[in-house]
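Heads up: the sequence lines are chains P and B, in that order. Mapped onto our numbering, the consecutive letters of the first sequence carry residue numbers 13 to 813. Mapped onto our numbering, the consecutive letters of the second sequence carry residue numbers 792 to 1083. Some notes on the structure that comes next.
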Amino acid sequence: MSEQAEMSEQGKVTWIGKPVPRREDRPLTAGAGRYMADIEMPGMLYMVVLRSPQAHAKIVSIDTDAARAMPGVHAVYTAADLPEELKPFPVIWRPPVLKDDSIAALASDRVRNVGEEVAVVVADTQQIAEDARELIRVKYERLPANVDPIKALEPDSPRIRDEWDDNVAALFPFRNGDVDAAFAEAAHVVDGHFKINRHAAMPMETRGVVASWDALTETLTFWSMSQAASLLRTELAKSLDLPDNAIRVMTPNVGGAFGAKWDRYAEDLLACVATRRLGRPVKWMEDRREHFQSTVHAREQIQDWEMALDEDGRILGVRGRAVADLGSCVPSSGIGTQWVTGNTIPNQYKFENYSADIIAVLTNKARAGSYRGFGGPESNFPMERLMDKAAKELGVDPAELRFRNQIQPEDMPYPTATGMAVYDTGDYPGALRRALEMVGYEKLREEQPKLREQGIYRGLGIGCYVHCTGFGPSAMLGMINYDTSGYEGARIRIDPGGKVTVYTGMIPLGQGTETSLAQIAADSFGIDMDDVRVVWGDTSQTPYTGFGSGGSRSNLAMTAVMNAAEQLKAKMIRIAAHTLEASPDDVEFADGHLSVRGVPDSGLTMPEVARIAYLAHSLPEGEEPMLQTQQVFDPPGFGWAYGCHVGVVDVDIQTGMMDWKRYVIVDDCGPMVNPLIVRGQIEGGVAQGIGGALLEEMVYDEAGQPMTSSFMDYLMPTFHDVPDYEIDHLVSPSPHIRGGFKGMGESGVMAPAAVVANAIVDALAPFGIEVDELPITPNVLWRKLRDAGAFEDGRSAASVG
Amino acid sequence: MKPAQFALDTPQSASEALALLSDHGDSAKVIAGGQSLVPMLNFRLVTPERLIDINGLEDLAYIRENDGVLAIGAMTRQQEIEASPVIAAAAPLLAEATREIAHPSIRNRGTVGGSLLHNDPSAEYPVTLLCLGAEVEVASVRGNRTIPVSDLILPWFSTTLEPDELLLEIRVPVAGESTSQAFEELARRKGDFALAAVAVALTFGASGAIEKAAIAGTAGRCAQRLTEAERALTGEVPTDSVVGAVAAAAETEIQPVGDIHADEDYRRHLVALMTRRALAKAIGDRAGSKED
Ligand SMILES: Cc1cc2nc3c(=O)[nH]c(=O)nc-3n(C[C@H](O)[C@H](O)[C@H](O)COP(=O)(O)OP(=O)(O)OC[C@H]3O[C@@H](n4cnc5c(N)ncnc54)[C@H](O)[C@@H]3O)c2cc1C
Chain P
13 MSEQAEMSEQ
23 GKVTWIGKPV
33 PRREDRPLTA
43 GAGRYMADIE
53 MPGMLYMVVL
63 RSPQAHAKIV
73 SIDTDAARAM
83 PGVHAVYTAA
93 DLPEELKPFP
103 VIWRPPVLKD
113 DSIAALASDR
123 VRNVGEEVAV
133 VVADTQQIAE
143 DARELIRVKY
153 ERLPANVDPI
163 KALEPDSPRI
173 RDEWDDNVAA
183 LFPFRNGDVD
193 AAFAEAAHVV
203 DGHFKINRHA
213 AMPMETRGVV
223 ASWDALTETL
233 TFWSMSQAAS
243 LLRTELAKSL
253 DLPDNAIRVM
263 TPNVGGAFGA
273 KWDRYAEDLL
283 ACVATRRLGR
293 PVKWMEDRRE
303 HFQSTVHARE
313 QIQDWEMALD
323 EDGRILGVRG
333 RAVADLGSCV
343 PSSGIGTQWV
353 TGNTIPNQYK
363 FENYSADIIA
373 VLTNKARAGS
383 YRGFGGPESN
393 FPMERLMDKA
403 AKELGVDPAE
413 LRFRNQIQPE
423 DMPYPTATGM
433 AVYDTGDYPG
443 ALRRALEMVG
453 YEKLREEQPK
463 LREQGIYRGL
473 GIGCYVHCTG
483 FGPSAMLGMI
493 NYDTSGYEGA
503 RIRIDPGGKV
513 TVYTGMIPLG
523 QGTETSLAQI
533 AADSFGIDMD
543 DVRVVWGDTS
553 QTPYTGFGSG
563 GSRSNLAMTA
573 VMNAAEQLKA
583 KMIRIAAHTL
593 EASPDDVEFA
603 DGHLSVRGVP
613 DSGLTMPEVA
623 RIAYLAHSLP
633 EGEEPMLQTQ
643 QVFDPPGFGW
653 AYGCHVGVVD
663 VDIQTGMMDW
673 KRYVIVDDCG
683 PMVNPLIVRG
693 QIEGGVAQGI
703 GGALLEEMVY
713 DEAGQPMTSS
723 FMDYLMPTFH
733 DVPDYEIDHL
743 VSPSPHIRGG
753 FKGMGESGVM
763 APAAVVANAI
773 VDALAPFGIE
783 VDELPITPNV
793 LWRKLRDAGA
803 FEDGRSAASV
813 G
Chain B
792 MKPAQFALDT
802 PQSASEALAL
812 LSDHGDSAKV
822 IAGGQSLVPM
832 LNFRLVTPER
842 LIDINGLEDL
852 AYIRENDGVL
862 AIGAMTRQQE
872 IEASPVIAAA
882 APLLAEATRE
892 IAHPSIRNRG
902 TVGGSLLHND
912 PSAEYPVTLL
922 CLGAEVEVAS
932 VRGNRTIPVS
942 DLILPWFSTT
952 LEPDELLLEI
962 RVPVAGESTS
972 QAFEELARRK
982 GDFALAAVAV
992 ALTFGASGAI
1002 EKAAIAGTAG
1012 RCAQRLTEAE
1022 RALTGEVPTD
1032 SVVGAVAAAA
1042 ETEIQPVGDI
1052 HADEDYRRHL
1062 VALMTRRALA
1072 KAIGDRAGSK
1082 ED
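Put into structure tokens, the structure is as follows:
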């Protein structure tokens, strides 16, 4: 038996709740992983993409002759070469307010962002393909580019889509209560103009595909690192005019995705078209520069919010608008992320009056899609900044203001001010209280003035957050016009030897899926984890999943596994009862053992029952042979995870650089299946949040040229840039999910931007500086300090000690 | 992200390398540690027809001290400079600056010669070697010549090295008894190229006044000697107000260039601040060593 197993009081083996190291870690860290780049097949050809160097331009002509003539080149395709075969991918999340748009595989007459696909070359080797690509001559006629989403709203700004009468893809209104009345009676109003920077998921592994057409069976095998394999299969089928069952989507090991691999991409289609035309496997691997330019970016929003409060600092209402920059076309997720932003503005707070206009606009930048947090960090930042602004305005401590406004445990289930979300469970003040206690809030507050006298500018920043998990009830997805389903299935097969195989539609992207599902299955049967195998990544074997991995949905897969195990246990009990000549009601299933109640030695083992089930020599009347089942779980509601972070920073006012002192996290994702995985997910999420707040930004110049196309310029946080995390948990089970588990994959990334900003503003309180724009760079802080007169004669460090 | 096709030569001696450079100099590139050149090849920012790989020239990797001159072979890896006791004694500034270059794996491959010749405006070696008054010996089939670093480096990644020339050696005057050196930089993250960097080498007179001051700084364009700052310090006892005046001079004469990480004003300010901090360190070290 594996080391981590533990016997509970009942003598039963329990895996759930144990910090079991991920079973995938050892092979992956030992180099046994098989990633997309590792897939090589006989006769394989290599595809490269020619991308637009222009942000916005007419394509006057494309000359591919020299490239086609190069030895080793099998094909060069432009849009003109594939008039029939390139049906664009539709957008998945299409509320009625969203204008029609789709993701075209190749630009035909016009390019709309640097990096847009213009042509592909397919050749014997990657090198030949890249050399031939250099020989393609495209003549462009430059058009004025839109890079600023606010300017793109102006009526005379350059139009991205000729078919539209402006650049607005959608305006989604949230309206609840009487917000104007709330502001009319307010004792205090605070407001802010917020900028959330364009940045992106940066998985260690870039995108890639291998497509292989089998002319004999007329089937397509498609290796993809898509987070949504079943959905992709359906969409490929539509675009390629094939039945779903002619396409098998396989997923190798995936080196991170974080949402960026959820979108549909042009290269998926192009590789399929190439393999079908050429009859040979075709591989495309994105390089990092392409990744910077054409894998989805995220988060960019310019927001204006106002908050009304009464004399005691109770929130009366919030109103405002968020303008989101979608880039050059509507992503697969439509305006999903932006909708989530609007829907999570109320955060942990009790108020009823809310009005928000969520405006999504096209510009000549890379498409913006999903990234861990999916709209959540974009609402958390302004809301938590407003809380601190309100605290300052009222002259109360920011923690105290939050306590006054938090939804209480007894208020649950709580319908929020958006009118579209209902929180299930949670102790919001409890999480804040615990975080303050851990960090030693009062003591730090006492020390602060003394430190300032010594020239140490120390600040404390609080960030409370909510995280909508287990995305989501299918009917709810239908209501919000999400053109796919939210359920998760699990198949379990117990083989004739009695060992368990779990088939899941989830795709392991680093979130420990194999381990946590094995823990669940092992506990369901009371067996060793090593006796459970988890199979994933092959649509020909694994259950259909309309949504795929993302949306913090592991808890749905876990419930499906529990339900499937339940079914098989019932069947094994019936078979054992028949064999033991007892009533099924008298047969107990414990620790992988079936016995008649009161006669523990009488029983059968799981392998014995499995053998009986497979032999089928003597089964109960009407019982089907074999042991296999599939269960599908569609959640009745969302599980809302939540928590609180408190950060402590020192700011060097001479340089504007900040230094982490502490970072405290209290998270509640319900009962934890694997605390080690939870910890890893939180730490990774916080690191990404910190990166987005301090370092990462996709910068474009005025002509729409990307200034950040490598890790030289796009700065990711490294080990040196993140604090030591101090983590604790509260446990509020979700009533919607068996076991009460909530999702937790995105919790960590919600609050860090607010924490960092609040801490810096607090540190620099003597200068009265506000920080509402991300990223917060040392240059920006220094400028603010200078403008606030922080340096005696306002000039330079030369005069300051 | 693959380089365009190139031929590869692997000479085993300097004379072999020089012959190759003489034949192909205009269309060839020397490759040393590859830490700057390989990324440029992969981005196809440079597309040389041949690469002349000088990693076989093992006798170009050395650190020697002779008659008050520290001689460093062009192929000496940055890591060796960081670890060398000879460097620590003869040019502590160089050792200190090396620790700010990237990360260990890059310093294991990257050479001092490659870094100097790549002459990234934000790199540590050009500014440090300029401050130390170093010179280099270069060779071609036409003969050898010696170039002061001040004449070697030009703005924007350029140098006065001819296409057929090979860098052989860097020579640095050994730090005297009464000198004190310090390096200060600011980078966004640990190991990043500097937004601004300042190197100082001070020679103290018996009175406590500074006899000789060498100050070099860089802020995005090119390493430059800060001569006004040097003048403000030379002959002075480094009081707070003198240091303030030196920093103010540095701030005025530095030629910063802004980019997405830092604008010109900020870099100018940082040069003043780094000057202040480097001077404080050098003066403090000096005071410390006198007390011992
Ligand atoms: C991630 C990363 C981070 C980095 N961070 C820093 C940093 O913070 N600070 C810093 O200073 N540097 C940094 N570097 C650059 C690093 O220091 C390089 O090693 C150095 O700039 C080049 O040295 P090299 O030996 O690798 O030269 P190469 O890359 O091989 O060559 C560089 C140039 O010098 C020429 N050359 C090299 N040797 C000779 C010779 N003997 N004669 C004639 N020409 C020659 C080459 O032709 C080429 O033009 C970083 C590099 C990386 C990859």
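Don't be surprised by glycine CBs; every beta carbon is placed ideally from N, CA and C. Please read these numbers as outputs of a predicted model, since none were measured by experiment.
> What residue does the beta strand (DSSP E) around P:VAL201 start on, and which one ends it?
Replying inline: Locating residue 201 of chain P in the first sequence gives position 189, where the first residue counts as 1. It spans 200-208 - the beta strand (DSSP E) in which P:VAL201 sits, taken as one unbroken run.
>> Counting only Cβ-Cβ distances shorter than 8 angstroms, please list the residues of the segment 672-702 of chain P near chain B, keeping chain order.
In response: none
>> If the criterion is Cβ atoms closer than 8 angstroms, does the pair P:THR264 and P:MET53 meet it?
In response: On the first sequence, residue 264 of chain P is found 252 positions in, with the first residue counted as 1. On the first sequence, residue 53 of chain P is found 41 positions in, with the first residue counted as 1. A small correction: the amino acid at residue 264 of chain P is Pro; Thr does not occupy that position in the sequence shown. Against a cut-off of 8 angstroms, the Cβ pair of P:MET53 and P:PRO264 comes out as no contact.
> Nearest CA to the CA of B:LEU1134: which residue from B:LEU884, B:ALA810, B:VAL821 and B:THR1018?
Replying inline: Chain B is shown only over 792 to 1083; residue 1134 of chain B falls outside these bounds and no answer can be derived.
>> Please identify the residue among P:ALA577, P:ASN158, P:GLN139 and P:ALA49 whose C-alpha is closest to the C-alpha of P:THR375.
In response: For this step, residue 375 of chain P is matched to residue 363 along the first sequence. Of the listed residues, the one whose Cα sits closest to P:THR375 is P:ASN158.
>> For B:GLN796, count the other beta carbons within 10 Å of its own beta carbon; 16 or more makes it buried, fewer makes it exposed. Which is it?
In response: For the purposes of this step, residue 796 of chain B is identified with residue 5 of the second sequence, where counting begins at 1. By the neighbour-count rule (16 or more Cβ atoms within 10 Å), B:GLN796 is not buried but exposed.
>> What residue range does the alpha helix (DSSP H) around P:GLY696 cover?
In response: Position 684 of the first sequence holds residue 696 of chain P. Counting along the chain, the alpha helix (DSSP H) containing P:GLY696 begins and ends at 687-706.
> Counting only beta-carbon atoms, is B:LEU977 nearer than 8 angstroms to chain P?
Replying inline: One-based indexing of the second sequence puts residue 977 of chain B at position 186. Yes, because at least one Cβ of chain P sits closer than 8 angstroms to the Cβ of B:LEU977.
>> Can you look up P:TRP176 in the DSSP assignment and give me helix, strand or coil?
In response: Your numbering for residue 176 of chain P matches position 164 in the first sequence. Looking at P:TRP176 - three-state DSSP - the assignment turns out to be coil, as it is neither helix nor strand.
> Which ranges would you report for the beta strand (DSSP E) in the segment 179-266 of chain P if only whole runs of at least 3 residues count?
Replying inline: 180-188, 200-208, 220-226, 231-236 and 259-262
> Could you check where the beta strand (DSSP E) with P:MET59 kicks off and where it finishes?
Replying inline: In the first sequence, counting from the first residue as 1, residue 59 of chain P sits at position 47. Residues 57-63.
> Relative to the alpha-carbon of P:PRO100, which residue among P:ARG276, P:VAL743, P:ARG145 and P:ARG210 has its alpha-carbon at the smallest distance?
Replying inline: Here residue 100 of chain P refers to the residue found at position 88 when the first sequence is read from its first residue. Per the Cα distances, P:ARG276.
> Anyone know if the C-beta pair for B:LEU959 and B:GLU928 falls short of 8 angstroms?
Replying inline: Here residue 959 of chain B corresponds to residue number 168 of the second sequence, with the count starting at 1. Here residue 928 of chain B corresponds to residue number 137 of the second sequence, with the count starting at 1. Their beta carbons are under 8 angstroms apart, which means B:LEU959 touches B:GLU928 by this criterion.
> Around the C-beta of P:PHE206, are 16 or more other C-beta atoms found within 10 angstroms, so that it is buried, or is it exposed?
Replying inline: Start at 1 with the first residue of the first sequence, and residue 206 of chain P comes out as number 194. By the 10 Å Cβ count, P:PHE206 comes out buried.
> Any chance the segment 464-477 of chain P sits against the segment 742-750 of chain P, with 3 or more Cβ pairs inside 8 angstroms?
Replying inline: no
>> Against chain B, does P:ARG795 count as a neighbour if the rule is that its beta carbon must be under 8 angstroms from one of theirs?
In response: Translated into positions along the first sequence, residue 795 of chain P becomes position 783. Closer than 8 angstroms to some Cβ of chain B, the Cβ of P:ARG795 qualifies, so yes.
> Between the segment 793-806 of chain B and chain P, which residues of the former have CB atoms less than 8 angstroms from a CB of the latter, in chain order?
Replying inline: Those residues of the segment 793-806 of chain B that come within reach of chain P (Cβ to Cβ, closer than 8 angstroms) are LYS793, ALA795 and GLN796.
>> Among P:TYR440, P:LEU94 and P:CYS284, whose alpha-carbon lies nearest the alpha-carbon of P:ASP680?
In response: Along the first sequence, read from residue 1 onward, the residue named residue 680 of chain P stands at position 668. The candidate whose alpha carbon is nearest that of P:ASP680 is P:TYR440.
> According to the neighbour-count rule (16 or more other Cβ atoms, all chains shown, within 10 Å of its Cβ), is P:PHE650 buried or exposed?
Replying inline: Start at 1 with the first residue of the first sequence, and residue 650 of chain P comes out as number 638. That one is buried.
> In terms of alpha-carbon separation, which member of B:PRO794, B:THR1009, B:ARG1059 and B:VAL1034 lies closest to B:CYS922?
Replying inline: Walking along the second sequence from the start, residue 922 of chain B turns up at place 131. With distances taken between Cα atoms, B:CYS922 lies closest to B:THR1009.
> What is the residue span of the alpha helix (DSSP H) that B:HIS815 lies within?
Replying inline: Start at 1 with the first residue of the second sequence, and residue 815 of chain B comes out as number 24. Where B:HIS815 is concerned, the enclosing alpha helix (DSSP H) stretches over 805-815.
> So, using beta-carbon positions, are P:GLY538 and P:GLY615 closer together than 8 angstroms?
Replying inline: As a working note, residue 538 of chain P is residue 526 in the first sequence. As a working note, residue 615 of chain P is residue 603 in the first sequence. It is not a contact, given that the beta carbons lie outside the stated cut-off.
> chain B beta carbons: is any one of them nearer than 8 angstroms to that of P:VAL134?
Replying inline: Along the first sequence, one-based indexing puts residue 134 of chain P at 122. No, P:VAL134 does not count as interfacial toward chain B.
> With C-beta atoms as the reference, is B:LEU986 less than 8 angstroms away from B:ALA1004?
Replying inline: The count along the second sequence starts at 1 and reaches residue 986 of chain B at position 195. The count along the second sequence starts at 1 and reaches residue 1004 of chain B at position 213. No, they are not a contact pair.
>> By the three-class DSSP mapping on this structure, what secondary structure does P:LEU834 have?
In response: There is simply no residue 834 of chain P to check, as chain P begins at 13 and stops at 813 in what is shown.
> Pick out every residue whose C-beta is nearer than 5 angstroms to a heavy atom of ligand 1: which are they, in chain order?
Replying inline: B:LYS820, B:VAL821, B:ILE822, B:ALA823, B:GLY824, B:GLY825, B:GLN826, B:SER827, B:LEU828, B:ALA865, B:ILE892, B:ALA893, B:ILE897, B:GLY901, B:THR902, B:GLY904, B:GLY905, B:SER906, B:LEU908, B:HIS909, B:ALA914, B:GLU915, B:LEU957, B:LEU958 and B:PHE984
> According to the Cβ coordinates, are P:ALA269 and P:PRO215 closer than 8 angstroms?
Replying inline: Start at 1 with the first residue of the first sequence, and residue 269 of chain P comes out as number 257. Start at 1 with the first residue of the first sequence, and residue 215 of chain P comes out as number 203. Closer than 8 angstroms, so yes.
> Run through DSSP, which three-state label would P:THR641 get?
Replying inline: Position 629 of the first sequence, counted from the start, is the residue given in the question as residue 641 of chain P. Three-state DSSP puts P:THR641 in a strand.
> In angstroms, rounded to a whole number, what distance separates the CA positions of B:ILE854 and B:ARG841?
Replying inline: Here residue 854 of chain B is taken as the residue at index 63 of the second sequence, counted from 1. Here residue 841 of chain B is taken as the residue at index 50 of the second sequence, counted from 1. The straight-line gap from Cα to Cα measures roughly 29 angstroms.
> Taking buried to mean at least 16 other C-beta atoms within 10 Å of its own C-beta, is P:GLU312 buried or exposed?
Replying inline: Residue mapping note: residue 312 of chain P aligns to position 300 of the first sequence, counting from 1. It counts as buried.
>> To the nearest angstrom, how far is the alpha carbon of B:TYR916 from that of B:ALA1020?
In response: Position 125 of the second sequence holds residue 916 of chain B. Position 229 of the second sequence holds residue 1020 of chain B. C-alpha separation (whole angstroms): 20 angstroms.
> Per DSSP, P:PRO427 forms a beta bridge with which residues?
Replying inline: Counted from its first residue, the first sequence places residue 427 of chain P at position 415. The partner list for P:PRO427 (beta bridge, DSSP) reads P:VAL434.
>> Can you confirm whether B:HIS1060, when its beta carbon is compared against all beta carbons of chain P, has any partner nearer than 8 angstroms?
In response: The residue given as residue 1060 of chain B occupies position 269 in the second sequence. Yes, B:HIS1060 counts as interfacial toward chain P.
> By DSSP, does B:LEU848 sit in helix, in strand, or in coil?
Replying inline: The residue labelled residue 848 of chain B in the question sits at position 57 within the second sequence. Of the three classes helix, strand and coil, the one that applies to B:LEU848 here is coil, per DSSP.
> In chain order, what residues of the same chain lie with their CB nearer than 7 angstroms to the CB of P:GLN553, ignoring the 5 residues before and after it?
Replying inline: Working through the first sequence from its first residue, we reach residue 553 of chain P at position 541. TYR515 and VAL547, listed in sequence order.
> In chain P, which residues lie less than 7 angstroms from B:LEU842 when you measure between Cβ atoms?
Replying inline: In the second sequence, residue 842 of chain B corresponds to position 51, counting from 1. What B:LEU842 touches in chain P: nothing, since even the nearest Cβ is about 16 angstroms away.
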